[in-house]
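Numbering (this note's numbering), first residue to last: 36 to 355.
Think of the CB as a built atom: it goes at the ideal place given N, C-alpha and C, for glycine as much as any other residue.
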Amino acid sequence: FSPTPASHLHRVSIVGGAGKVGSTLGQRIAEKNLADVVLLDVVDGLPKGIALDLMEARGIEAHNCLISGTTDYADTAGSDVVVITAGLARKPGMSRDDLIKTNARIVVEAAKNAIAYSPDAILIVVTNPLDVMTYLAKQATDLPRDRVMGMAGVLDSARFQTFIAMELGICSVDIQAMVLGGHGDLMVPLPAYSTIRGIPITELMDTATIERLIHRTRQGGAEIVELMQTGGAYFAPASSTCLMVEAILHNQSRLIPAAAYLQGEYGLQDVFIGVPCRLGRGGIESILELRLSEAERDALHTSAKSVRESIEQAIAMLKR
Ligand code: TXD
């Protein structure tokens, strides 16, 4: 027998892995037996301790993945997927844009270091403000656009799905919701493309009810911050990121809304914004252009404009 247990085929590194989203994501990836997990964080001892704690649950959870913790990027070498959750979480009363200054530096450094050791990895950014951070990560690494994406649309769609399910008393799994746009107050939920077993929700709910659910979806992150007071959501964000990791590692060709770099799609250029993407082993394999109403298209453009302004603000700030 070898003293080192057999390693998995895949490896996922999580930068910010000792934080709430990162560690919960590591747990989900391992418990679904998807990949070995490396939790990287800046706090000495913490990622190692969390990794050991998760390793000690392996027998009970009956999975075979190795989980390790580190503060050294060299230990992330050869990752198939790198997820960046490093940064500050939103505090009560703080907008996503307030986070921009601190998180920009953290994400740029994290992306550069991680890709230096895993040049073939697919990069998923989770840190807020999401669309801006994903743009900076792409710029810092110069990766092709199919290999850099942001996690937001899955989560925003999952929240819309949940609120539809709660309103109608129908199981969430029968509901497919679609939310595009930036991960912020200007996100664009699409009722006509949100269905219950194929039936658009517009057939089953009146406009006022749908508007109420859309409003709650837009405020989904803030609602949880207000309740928790000590941080933001992490269970559903971890599940959402895990879904993307699984789609990539298992080459599932899933249609998932994700923040993608647009080059003319939806009439938008040089910006990251949530759009429906086909995710597989190559990362974003294609972007689906839905037919939108004029109002939806305007809302998407308004959202993109606001992301664009924040990107410019962040770039200017990084130069200072
Ligand atoms: O939909 C979405 N995209 C999101 C985004 C949903 C939920 C959370 N969202 C954002 O993810 C949130 O606003 C934050 O920007 C990140 C992480 O949220 P989390 O709740 O996990 O924050 P924590 O618990 O504070 O964890 C952040 C970790 C923490 O352990 C820090 O020590 C670490 O990041 N950190 C770093 N790691 C590596 N390198 C550097 N430089 C670094 N700086 C901080």
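Subject >> Straight-line Cα distance separating residue 186 from residue 58 >> reply: 16 Å
**OP:** Compare the C-alpha of residue 211 against each of 222, 189 and 220 and name the closest.
**Re:** 189
Original post:
Going by DSSP, which residues form a beta bridge with residue 308?
Top reply: 295
Subject >> Helix, strand or coil at residue 315 according to DSSP, with G and I counted as helix >> reply: strand
Subject >> Option in 52, 170, 196 and 199 with minimal Cα separation from residue 349 >> reply: 170
Subject >> residue 149 versus residue 51: straight-line alpha-carbon distance, rounded >> reply: 12 Å
Original post:
Do residue 114 and residue 47 come within 8 Å of each other at the CB atom, strictly closer than that value?
Top reply: yes
**OP:** With a threshold of 7 Å, establish whether the CB of residue 144 neighbours any heavy atom of the ligand TXD.
**Re:** yes
Original post:
Which stretch, first to last residue, makes up the beta strand (DSSP E) that contains residue 255?
Top reply: First-last for residue 255: 255 to 263, but that is the alpha helix (DSSP H), not the beta strand (DSSP E).
Original post:
Can we count residue 269 as close to the ligand TXD, meaning its CB is less than 7 Å from some heavy atom?
Top reply: yes
**OP:** Pick out the complete alpha helix (DSSP H) segments inside the segment 129 to 169, 4 residues or longer, and give them in chain order.
**Re:** 135 to 152
Subject >> Per-residue burial, residue 354 [other beta carbons within 10 Å of its own, 16 or more giving buried] >> reply: exposed
Subject >> Supposed close pair residue 61, residue 69 - CB separation, criterion 8 Å >> reply: About 11 Å separates the two Cβ atoms, so there is no contact after all.
**OP:** Determine the burial state of residue 154: buried for a count of at least 16 other Cβ atoms within 10 Å of its Cβ, exposed for fewer.
**Re:** exposed
**OP:** Locate the beta strand (DSSP E) running through residue 102, then write down its first and last residues.
**Re:** 102 to 105
Original post:
With respect to the beta strand (DSSP E) encompassing residue 48, which residues constitute its N-terminal and C-terminal limits?
Top reply: 46 to 50
Subject >> Residue closest to residue 176, alpha-carbon to alpha-carbon, out of 151, 231 and 319 >> reply: 151
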